[in-house]
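For reference, the structure discussed in these notes is given below.
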Amino acid sequence: MFIGGTVISSVEFHGNMSLVIFMSGCPLCCRFCHNVELINEQTEITLEEIVEEINSSKDFLDAVVISGGEPLIQTSDVADILRHVRQLNLKTKLDTSGIYPEELEKLLKEDLIDFISLDIKAPFDDYRHVVGEDVGCDVKKSMELINEYGVMLETRTTVVPTLHTDDDIRKIACSAKSDIYTVQQFRNKNVLDPSLEKVKNPNAVELTELAKSLKDHFDGTVRVKTGEFGLQIIK
Ligand code: SF4
Numbered sequence: 092m093f094i095g096g097t098v099i100s101s102v103e104f105h106g107n108m109s110l111v112i113f114m115s116g117c118p119l120c121c122r123f124c125h126n127v128e129l130i131n132e133q134t135e136i137t138l139e140e141i142v143e144e145i146n147s148s149k150d151f152l153d154a155v156v157i158s159g160g161e162p163l164i165q166t167s168d169v170a171d172i173l174r175h176v177r178q179l180n181l182k183t184k185l186d187t188s189g190i191y192p193e194e195l196e197k198l199l200k201e202d203l204i205d206f207i208s209l210d211i212k213a214p215f216d217d218y219r220h221v222v223g224e225d226v227g228c229d230v231k232k233s234m235e236l237i238n239e240y241g242v243m244l245e246t247r248t249t250v251v252p253t254l255h256t257d258d259d260i261r262k263i264a265c266s267a268k269s270d271i272y273t274v275q276q277f278r279n280k281n282v283l284d285p286s287l288e289k290v291k292n293p294n295a296v297e298l299t300e301l302a303k304s305l306k307d308h309f310d311g312t313v314r315v316k317t318g319e320f321g322l323q324i325i326k
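If you read the sequence shown in the working numbering, its first letter stands for residue 92, the second for the next number, and so on.
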């Protein structure tokens with residue numbers, strides 16, 4: 092398998108001390124992507140090596156998070172890792188763009204994931220405008236599958252001022268069927284498309300106001316994540 096690296100973090104999964112494994116590679120080229128190095132990095136590692144890394148830190152871990160890149164281009168390796176994590180009785184989380192519902196269902200069928208963060212990068216019928224490809228139907232299908240299998244779900248959108256309007260975000264929130272919806276602030280550093288480095292980051296106060304307005308459109312918990320104020324739950 093190919094990974095971009097690993098890190099131990101308590102901010103990726105509700106305060107759980109987690110080993111985060113960044114799987115490399117992603118077929119999308121989102122202009123606002125911050126994970127360019129992780130996508131392109133191609134460190135080959137065996138299952139035995141990653142198992143050894145998990146085992147060596149398992150005594151102080153609560154969870155293992157599989158992130159990326161897009162982990163589901165290496166589903167069979169991800170499944171092998173998650174099966175081992177399950178044996179250790181640690182919690183599991185998957186971050187995905189949702190563009191591979193059939194791959195996702197393989198993991199759901201085996202009950203390998205406790206929590207999923209699914210990006211909804213645009214209204215489902217407007218994906219081409221934001222990521223360059225019409226993959227909204229696949230993302231919607233992934234969301235429906237996760238709900239069908241009863242796995243706890245966060246949907247989330249990184250708000251980019253030149254790509255999203257407030258109405259887009261409200262439309263996404265209306266169609267998101269998840270326990271949590273998180274609005275994330277675009278940061279104009281180290282992005283795939285250098286022209287976006289000239290775009291101003293969304294104002295944190297205005298973004299928080301936008302998140303507050305989503306309470307009328309979304310049933311679950313609304314959160315907003317900004318560089319200035321961190322992760323806030325909207326009451
Ligand atoms: S933002 Fe996510 S889906 Fe888009 S290119 Fe980066 S890793 Fe892939």
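Here a beta-carbon is modelled for each residue, glycine too, at the ideal position from N, C-alpha and C.
Asked, Found
"Is Ser167 near ligand 1, judged by its Cβ being under 7 angstroms from some heavy atom?", "no"
"With a threshold of 7 angstroms, establish whether the CB of Asn126 neighbours any heavy atom of ligand 1.", "yes"
"Using C-beta distances below 6 angstroms, list every residue in its chain close to Ile237, excluding the 5 sequence neighbours before and after it, in chain order.", "Ile207 and Leu244"
"Look at the alpha carbon of Ser304 and the alpha carbon of Ala264, and state the distance between them as a whole number of angstroms.", "10 angstroms"
"Let me know if Ile324 comes out buried or exposed under the rule of 16 or more other beta-carbons within 10 Å of its beta-carbon.", "exposed"
"Here's the rule: buried if 16 or more other CB atoms are within 10 angstroms of the residue's CB, otherwise exposed. What is Thr134?", "exposed"
"Using 7 angstroms as the cut-off, classify the Cβ of Leu119 as near or not near the heavy atoms of ligand 1, replying yes or no.", "yes"
"Taking the C-alpha atoms as reference points, what is the distance between Asp225 and Tyr191?", "13 angstroms"
"Cβ-heavy atom distance between Gly95 and ligand 2 below 7 angstroms?", "The model on display carries ligand 1 but not ligand 2."
"For a test of the three-state rule: what should DSSP assign to Thr256, helix, strand or coil?", "coil"
"Using a Cβ-Cβ cutoff of less than 8 angstroms, which residues in the same chain neighbour Glu288 once the five nearest sequence positions on both sides are dropped?", "Asn279, Lys280 and Val282"
"From Ile260 to Pro214, what does the alpha carbon distance come to, in whole angstroms?", "8 angstroms"
"For the region 106-143, list the beta strand (DSSP E) runs that are entirely contained and at least 3 residues long, ordered along the chain.", "109-114"
"Answer yes or no: do Gly95 and Glu144 have a C-beta to C-beta separation smaller than 8 angstroms?", "no"
"If distances are taken between C-alpha atoms only, which option among Val274, Ser286 and His308 comes closest to Asn294?", "Val274"
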